[in-house]
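J.:
Number of protein chains: 2
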Amino acid sequence: MNMQTSQTRSRAGLAAALRVSISRLSRRMRAEGGHSLSATQIGALGAVARHDALTPGELAAHEKVQPPSMTRTIARLEADGLLTRSPHPTDRRQVVLSLTAAGDKLLKEERRRKEAWLAQRLAELTPEEQTILRQAAPILERLSHG
Amino acid sequence: MNMQTSQTRSRAGLAAALRVSISRLSRRMRAEGGHSLSATQIGALGAVARHDALTPGELAAHEKVQPPSMTRTIARLEADGLLTRSPHPTDRRQVVLSLTAAGDKLLKEERRRKEAWLAQRLAELTPEEQTILRQAAPILERLSHG
DNA sequence: TATTGTTATACTCTATAACTATA
DNA sequence: TATAGTTATAGAGTATAACAATA
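Going down the list, the sequences are from chains A and B. Taken in order, the first sequence gives residues 1 to 146; the numbers are from UniProt numbering. Taken in order, the second sequence gives residues 1 to 146; the numbers are from UniProt numbering.
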């Protein structure tokens, strides 16, 4: 039994612990986010907010769904007054999506709720624990990119 | 501007960073878990594995869905040979759920895949970064309970 | 011809309401 | 009467296949 084996075992344990804690915390945050829109709708709206002037095809690719699925989501969001569809300036096949003021407001409110819940939980931690999470956040972020 | 305000701001920033990194990592892990079963089915099967001899009502409450929704999930898992329904020993209205050997095997395989992916990502971190995550895991776990 | 987006259709997951069997 | 579970039915989200409009 060598050092590598020991390290691997340790990493497997860490992976197991992280898998459980990340899954649970994510599920809990989702539950705390208000329920005015579904995860699908929030995801699409958020993507439009981040990359203004997306087309439906780009949005479907970004959210990893097929174009017909996104057509439906867009129709719903448009009917609810949260985004608008306008003609593409040069290509008449395409459509350009933008957030309405109501869409922008709703999105910010949704984020605010989740973060308020999380901030409240963080306030109950010791300063040392908060420091650990402050160091962990960018590492977790990088893990998802790998 | 006092100390409290500064701390609160800092916590809000940490909350925002954690929300994003937790959400992304959770989404990515889900995508890495093989696709033999849906999240719903894995969740139900996992709950039966953890609390053997659950009834459908208990399982629905645990997974936070309505009983008819769980009836359907159970029917599917039973048809796929992953769990069994047996009579309750004393109350003939109730039903007792247990994992089959195939269900147990599939569940372990699903977890193994997710953890293998995560362990591989962890292996790419420095020892210092791994130490930070090792300290962070139990804190994240507690956050979801609060 | 190729691309963009939509419509048609089907499957899964979820819900509420109504029903059956048992307590 | 109350409880456990199921069946009936409907809405949301997803997919593939087929179509229309435009490039």
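Every residue gets a Cβ at the ideal spot worked out from N, C-alpha and C, and that includes glycine.
1) At least one CB of chain A closer than 9 Å to the CB of B:Q130: is that the case?
2) Quick one: which chain B residues come within Cβ less than 8 Å of A:I42?
3) For B:R28, which residues in chain A fall below 9 Å Cβ to Cβ?
4) Where do the N-terminal and C-terminal ends of the beta strand (DSSP E) with B:R11 fall, by residue?
5) Measure from the C-beta of B:K105 to each C-beta in chain A and report whether the shortest distance is under 9 Å.
6) Taking C-beta pairs closer than 8 Å, name the residues in chain A that B:E115 reaches, listed in chain order.
7) Go ahead and label B:R19 buried or exposed: buried means 16 or more other beta carbons lie within 10 angstroms of its beta carbon, across all protein chains shown.
8) Applying the 10 Å Cβ sphere with the 16-neighbour rule, what's the burial state of B:K64?
9) Beta-carbon of B:E109 versus every beta-carbon of chain A: anything under 9 Å?
10) Measuring only the C-alpha atoms, how far is B:T100 from B:T84?
11) Is the separation between the beta-carbon of A:L143 and that of B:L118 shorter than 9 Å?
12) For a contact defined as C-beta to C-beta under 7 Å, what are the partners of residue 156 of chain B on chain A?
13) Mind checking who B:L97 pairs with in its DSSP beta bridge?
14) What separation, rounded to the nearest whole angstrom, lies between the Cα atoms of A:Q4 and B:P127?
15) If you draw a straight line from the C-alpha of A:A49 to the C-alpha of A:K108, how long is it?
16) Nearest by alpha-carbon distance to B:L54: which of B:H88, B:A123, B:L97 is it?
17) When the Cα atoms are used, what is the spatial distance from B:G146 to A:V95?
18) Once DSSP output is grouped into helix, strand and coil, what is the label at residue 216 of chain A?
19) In the DSSP assignment, find the alpha helix (DSSP H) that holds B:R92 and state where it starts and stops.
20) Using a cut-off of 9 Å between C-beta atoms, extract the partners of A:L25 located in chain B.
21) Are three or more beta carbon pairs between the stretch 57-73 of chain B and the stretch 14-33 of chain B nearer than 8 Å?
22) So, is B:R92 buried or exposed, given that buried needs 16 or more other C-beta atoms within 10 angstroms?
23) Does the beta carbon of A:Q66 sit closer than 9 Å to a beta carbon anywhere in chain B?
24) Determine the DSSP secondary structure at A:E110, reduced to helix, strand or coil.
25) Residues of chain B with a CB under 7 Å from the CB of A:R50: which are they?
26) Excluding the five sequence neighbours on either side, which residues of its own chain have a C-beta within less than 6 Å of the C-beta of A:M70, listed in chain order?
T.: In short, the structure shows the following:
1) To locate residue 130 of chain B, count along the second sequence from 1; it is residue 130. The beta carbon of B:Q130 sits closer than 9 Å to some beta carbon of chain A.
2) For this step, residue 42 of chain A is matched to residue 42 along the first sequence. Within chain B, no residue comes near A:I42; the closest Cβ sits about 10 Å away, beyond 8 Å.
3) Locating residue 28 of chain B in the second sequence gives position 28, counting from the first residue. The CB of B:R28 comes closer than 9 Å to the CB of L143, S144, H145, G146 in chain A, given here in chain order.
4) Locating residue 11 of chain B in the second sequence gives position 11, counting from the first residue. Boundaries around B:R11 are those of the alpha helix (DSSP H), 3-31, since no beta strand (DSSP E) includes it.
5) Along the second sequence, one-based indexing puts residue 105 of chain B at 105. Nearest CB-CB separation between B:K105 and chain A: not below the 9 Å threshold.
6) For the purposes of this step, residue 115 of chain B is taken as residue 115 along the second sequence, with counting starting at 1. Neighbours of B:E115 on chain A, chain order: A12, A15, A16, R19.
7) In the second sequence, counting from the first residue as 1, residue 19 of chain B sits at position 19. Flag for B:R19 reads buried.
8) On the second sequence, position 64 is the one that residue 64 of chain B refers to. Answer is exposed; the Cβ neighbour count stays below 16.
9) Looking up residue 109 of chain B in the second sequence gives position 109. No - not a single Cβ of chain A is within 9 Å of the one on B:E109.
10) Walking along the second sequence from the start, residue 100 of chain B turns up at place 100. Walking along the second sequence from the start, residue 84 of chain B turns up at place 84. Whole-angstrom Cα-Cα distance: 7 Å.
11) The residue labelled residue 143 of chain A in the question sits at position 143 within the first sequence. The residue labelled residue 118 of chain B in the question sits at position 118 within the second sequence. Yes, these two residues count as a Cβ contact at 9 Å.
12) Residue 156 of chain B is absent from the structure shown; chain B starts at 1 and stops at 146.
13) As a working mapping, residue 97 of chain B is identified with position 97 in the second sequence. Bridge partners of B:L97: B:L54, B:R85.
14) What you label residue 4 of chain A is simply residue 4 of the first sequence in a count that begins at 1. What you label residue 127 of chain B is simply residue 127 of the second sequence in a count that begins at 1. Its pLDDT being 42, under 50, A:Q4 is placed unreliably by the model, and nothing is read from it.
15) As a first step, residue 49 of chain A is located in the first sequence; it is residue number 49 there, counting from the start. As a first step, residue 108 of chain A is located in the first sequence; it is residue number 108 there, counting from the start. A straight line joining the alpha-carbon of A:A49 with that of A:K108 spans about 10 Å.
16) The count along the second sequence starts at 1 and reaches residue 54 of chain B at position 54. For the residues B:H88, B:A123, B:L97, the minimum Cα distance to B:L54 belongs to B:L97.
17) The residue labelled residue 146 of chain B in the question sits at position 146 within the second sequence. The residue labelled residue 95 of chain A in the question sits at position 95 within the first sequence. Each residue's alpha carbon lies about 44 Å from the other.
18) Only positions 1 to 146 of chain A appear in the structure, and residue 216 of chain A is not among them; the question remains open.
19) To locate residue 92 of chain B, count along the second sequence from 1; it is residue 92. Taken as a continuous stretch (DSSP letters only), B:R92 belongs to no alpha helix (DSSP H), as it is neither H nor E.
20) For this step, residue 25 of chain A is matched to residue 25 along the first sequence. Neighbours of A:L25 on chain B, chain order: L18, I22, S26, L140, E141, L143, S144.
21) Too few Cβ pairs lie closer than 8 Å, so no.
22) For this step, residue 92 of chain B is matched to residue 92 along the second sequence. By the 10 Å Cβ count, B:R92 comes out exposed.
23) In the first sequence, residue 66 of chain A corresponds to position 66, counting from 1. Chain B, which has no Cβ nearer than 9 Å to the Cβ of A:Q66, makes this no.
24) Numbered from its first residue, the first sequence carries residue 110 of chain A at position 110. It is helical.
25) Along the first sequence, read from residue 1 onward, the residue named residue 50 of chain A stands at position 50. Result: empty, since nearest Cβ-Cβ is about 11 Å, beyond 7 Å.
26) Reading the first sequence from its first residue, position 70 is the one you call residue 70 of chain A. Result list for A:M70: P56, L59, A60, in chain order.
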